[in-house]
Amino acid sequence: MTALLSASTKAAILCMLLVAATGRAAEQTINVGSKRFTESYILGEILAQTMRGSGEARVVHQQGLGNTAIVFAALKSGAIDLYPDYTGTVAFELLNRKDATTLDALNKALAAEGLGAAVRLGFSNTYSIAMIEKRAAALGIAKISELALYPNLELGLSQEFLNRRDGWRALKETYGLPHTARGLDHGLAYEALAAGQIDAMDVYSTDAKITRYALRQLADDRRFFPPYDAVVLYRLDFPDRFPRAWAALKTLENRIDTATMARLNADAEIAGRAFTDVARDFLGGNGAASRPAPGPAARRSFWSVLFGPDLSRLTLQHVGLVGASLVPAIVLGILLGVWAARSRRAGQWILAAVGLLQTVPALALLAFLITLMGTIGTGPAVVALFLYGLLPIVRNTASGLIDLSPPLRESAEALGLSPLARLIRIELPLASRSILAGAKTSAVIAVGTATIAAFIGAGGYGERIVAGLAVNDTAMLLAGALPAAALALAVQWGFELLERCVVPAGLRLSPQNDATG
Amino acid sequence: MIVLENVSKTYARRIAVHPVTLSFPAEKTTILIGPSGCGKSTLLRMIVGLAAPDTGRVLIDGEALSRENLQANRHRIGYVIQEGGLFPHLTARENVGLLARHLGKSTQEIEARIGALAELVGIPAETLHRYPQQLSGGQRQRVGLMRALMLDPPTLLLDEPLGALDPVTRHELQAELKSIFAELRKTVVLVTHDMGEAGYFADEIILMREGRVVQRGSIDDLFERPAEAYVRTFLTAQRVARPHAPA
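Listed in order, the protein sequences are those of chains A and B. Mapping of the first sequence onto my numbering: residues 241 to 757, in sequence order. Mapping of the second sequence onto my numbering: residues 716 to 962, in sequence order.
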């Protein structure tokens, strides 16, 4: 176990150091993706184990990759070779083609991108709107159209459903619904529904929790939701590159019906079994499991999750992400800060640019970087954290230099030191406290922001948070959030120690300590 | 000899110095005096290249100050401001030796020179390991002077060097500065607004007001042959006892 752990930590460190090109490291690796919800995790694992069983290549499951846009970007760029998705999602969300509902029509449209859809898994996981059975019965609501009669009902919808083309806005229009919907994480929405904070939410028809929470799925009486048949979305060159793995995948055709999928989801979410185990049991020994995934932990105590065997790997990955992004951010940040202080005009542009970077939502930035860099994982995550880290350092460097007392600056100039010597020997040391404060802010923010790296398979404590959110497992979520908070405190504390080494002694004195006349 | 030839300077919309031509003779002490904002500091800053004149030029020993010879000229000028302008992150010793080290002088040479200067300005050598924050005002001023004298420049420019000191320390330092100027035979330009100090140091005084030179001469000239009424007003306001006045 120890040997295995140290091997995996070494691999993790290597992963962090290599940027960009690592996505498709070896030609003989198959990368399977999945989105960050239970069913996608399980399906991804089933696909991965099935192909691993063919023995043709190493199979890596890049699990829980953020939202649809990120997984699709990863597929287009070749960072992953295939992932499970649904026909409706592909048609509406990815292709914007309402008419393309058959597999043939989808493939025609996807071919232009070098992609294809195949291997109908055998179930449809359509969206629907659900309410607590008792509440729905009391109000007499059985169909979505009847929601319109109760304009005061609170709707809590997942961000993805709120924002996708075939989601809330289109639904609202089709049914003439007067409600204003609130955005909620899908995992949390069940709790909110049970607690009566919301009255209706979006669900997938294979959700394990529909039975558990005794929900009524409202009938789609205007046939708004298209079929969401589960299929494999793949790169067209894949079957030629890995014919045996592809043949193995084909055996999954029609193997999973709706009831089976709901049972697998319940195994993971309610019985708290690891995704790898759920997939392996389903395949009945016909596949080979991935390394233990951060499965849900309903049956484990919080402490055993917190100090689980993945803690050291996640810590190393998290620290690695922060370190690998912070060091270049400090170097470039100081350079840009110096430039901004030297030229006010350039300074305005520089600060506006790095400030603008902060306003780009993390998932959008990640999706963009995946497309740009053609890879998922550590590379784009480090670049995103690096970009987010610039502002505090640039701003504090510039203001630290600009705020230097004019007599001191002029003394250095009048002395006849070259501009570079002035900067290095006088100005930067005098501004060191401000610069360090900026770096500290960046570092603490980076520790928090690095949790999103898990959305694109870069690991870190975010893995637990993402998994916890995906399966609504509070213990798992906390087991990710707490170490992240502890690390943020440690970083803060570390920077205060660092201040003693970096800020010159003469600047840390209180005035007139032991002055004599 | 330093010559300001037809120099002028305008900041934003305020005229700091009207076009003027002035010379500062070698090995003499010239005082620039006048009320706040009269342009005296601006003239000093032109010589050391901190302010570029809008018109005219600065000639040092016959050579016009330019971008190319700016740094070399600065190495031949010692510039002292109020409180010494010491860098708080460096010890007194590091402040004094900074430029010499930057110019690649040997440690041995630097240490010897610092020792000699400490003796000259009357500061105990063990005080030099302290940071400026740990020094008294008078000590800071002495260290500032040491730093200005480090490369033994022919010219010293002092901008209100004693302005922030208490009267006793100030009096003490005045006497020491005067003897140092005399001993080292430097070309000194000292800016002050204190006529008593001016009279004490000056070979020659230049009285300025609102960016123009009002009168140039010895302290006796100012008392006995004031160029305009303002000279008398200025002297009266300062309650200066006339030196060497007939009994």
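Here a beta-carbon is modelled for each residue, glycine too, at the ideal position from N, C-alpha and C.
Considering only B:769, B:948, B:879, B:884, the residue with the shortest C-alpha distance to residue 923 (chain B) is B:948. If you ignore the 5 residues before and after residue 595 (chain A), its C-beta comes within less than 7 Å of the C-beta of 631, all in its own chain and listed in chain order. Distances from the CA of residue 866 (chain B) to each of B:786, B:828, B:716, B:795 were compared; the closest alpha carbon is that of B:828.
In this structure, the beta-carbon distance from residue 674 (chain A) to residue 636 (chain A) falls below 7 Å. At a C-beta separation below 8 Å, residue 889 (chain B) has no neighbours in chain A, since its nearest C-beta there lies roughly 16 Å away.
Listed as beta-bridge partners of residue 396 (chain A) by DSSP are A:422, A:441. Proximity of residue 856 (chain B) to chain A, defined by a Cβ-Cβ separation below 7 Å, is not satisfied. Residue pairing of residue 358 (chain A) in beta bridges, as defined by DSSP: A:472. In the DSSP annotation of this structure, the continuous segment of the beta strand (DSSP E) that includes residue 930 (chain B) starts and ends at 927-932.
Setting aside the 5 residues that flank it on each side, residue 679 (chain A) is surrounded in the same chain by 570, 633, each with a C-beta closer than 6 Å to its C-beta; the list follows chain order. Note that the C-beta distance between residue 724 (chain B) and residue 918 (chain B) is not below 7 Å. When Cβ pairs closer than 8 Å are counted between the two stretches, the region 835-843 of chain B is seen not to touch the region 735-748 of chain A, the count staying below three. At a cut-off of 7 Å between C-beta atoms, residue 654 (chain A) counts as an interface residue with respect to chain B.
For the 7 Å CB-CB criterion, residue 730 (chain A) and residue 546 (chain A) do not form a contact.
Counting along the chain, the unbroken beta strand (DSSP E) around residue 726 (chain B) starts and ends at 717-726. One alpha carbon belongs to residue 568 (chain A), the other to residue 626 (chain A), and they sit about 7 Å apart. With a cutoff of 7 Å on beta-carbon distance, residue 701 (chain A) and residue 691 (chain A) are scored as near each other. If you check the CB distance, residue 407 (chain A) and residue 432 (chain A) do not come in under 7 Å. Neighbours of residue 763 (chain B) in chain A, taken as residues at a C-beta separation under 7 Å, are given in chain order as 654. Secondary-structure assignment with DSSP links residue 793 (chain B) through a beta bridge to B:871.
Non-local beta-carbon contacts of residue 308 (chain A) in its own chain, meaning distances under 8 Å to residues more than five positions away in sequence, involve 275, 325, 329, 333, 334, 400, 404 in chain order. With its beta carbon at least 7 Å from every one in chain A, residue 832 (chain B) lies outside the interface. Annotation for residue 597 (chain A): the continuous alpha helix (DSSP H) segment containing it runs 584-599. Beta-bridge partners of residue 729 (chain B) (DSSP): B:726. Two segments are said to touch when three or more pairs of C-beta atoms, one from each, lie closer than 8 Å; by this definition the region 724-737 of chain B does not touch the region 888-900 of chain B.
Rounded to whole angstroms, the separation of the alpha carbons of residue 755 (chain B) and residue 852 (chain B) is 24 Å.
Taking 8 Å as the upper bound for CB-CB distance, residue 490 (chain A) and residue 359 (chain A) are in contact here, some 6 Å apart.
Exposure of residue 543 (chain A) is indicated by the presence of fewer than 16 other C-beta atoms within 10 angstroms of its C-beta. Contact between residue 759 (chain B) and residue 655 (chain A) is absent: CB atoms are separated by about 15 Å, not below the 8 Å threshold. Residue 325 (chain A): member of the beta strand (DSSP E) spanning 322-326, first to last residue.
Following the DSSP letters along the chain, one finds residue 457 (chain A) inside the beta strand (DSSP E) bounded by residues 455-457. For residue 371 (chain A), the enclosing beta strand (DSSP E) has its first and last residue at 367-372. Spanning the alpha carbons of residue 373 (chain A) and residue 310 (chain A) requires a straight line of approximately 35 Å. Segment contact: the region 471-485 of chain A against the region 281-300 of chain A, three or more CB-CB distances shorter than 8 Å; contact assigned. Scanning its chain for C-beta atoms nearer than 7 Å, with the 5 sequence neighbours on each side dropped, one finds around residue 907 (chain B) the residues 746, 748, 875, 913, in chain order. Per DSSP, the unbroken beta strand (DSSP E) holding residue 271 (chain A) starts and ends at 269-273.
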